[in-house]
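Quick note: the sequence shown, position 66, residue 65 per numbering that gives the first Met the number 0, numbers continuous. For glycine and all other residues, C-beta sits at the position ideal for the given N, C-alpha and C. The structure presented is a predicted model; accordingly, all values stated were derived computationally and were not measured. Below is one structure, written out as structure tokens; comments come after it.
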Amino acid sequence: MIIQGSRDRRATRWDQLNDRRYYDFDPPGPYEDWQAHIDEVESRSVPLPTEVADLLDRLEDQLTALADQAPLAALKAVAALERTTGRVGHEAAYAAEVDEDSWEAIGQALGLTAKDARSRLARYYLRH
């Protein structure tokens, strides 16, 4: 089966994919369209500090490598991250609500709709 991207019309064969690594596949066209959308939304949202963005990139790289080399250790690290993000998310959600910004402003800062921002903050707030 051959798919074609909407922008550069490069053809890619699905049967050449390693079925365990489908997420490594970079289909042109739809992916580029999606990435352009994400870039546009992120340009309107609050920027992450460079140090935090770099740390998250390095963490993802390290966890991906760990998942290949020692999957149980990777799962243990993911569990620790879930505990950390739950605690920090709770604190940040509380602080955001205390600031009394509108849900529209919170949503734009997070790259979400006002309704989705309210739902996200409620989930963080109730996690802890």
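Going by beta carbon distance, what residues of the same chain come within less than 7 Å of residue i, once the five residues before and after it are set aside?
i	result
Q107	R43, S44
A66	A73
Count the other CB atoms within 10 Å of the CB of residue i; is the residue buried (16 or more) or exposed (fewer)?
i	result
Q3	Bear in mind that the predicted position of Q3 carries a pLDDT of just 45, short of 50, making it unreliable; the figure below should be weighed with that in mind. Looking at its Cβ environment, which holds fewer than 16 other Cβ atoms inside 10 Å, Q3 is exposed.
A95	buried
L47	exposed
A52	exposed
From this set, the options, which residue's C-alpha is nearest residue i's C-alpha?
i	options	result
G88	P70, Q68, D67, S118	S118
H36	A66, L111, A116, A104	L111
For residue i, which residues of its own chain have a beta-carbon under 6 Å away from its beta-carbon, when the five flanking residues on both sides are left out?
i	result
E103	A113
For residue i and chain B, any beta-carbon pair shorter than 8 Å?
i	result
L120	Protein chain content of the structure displayed is limited to a single chain, and chain B is not contained in it.
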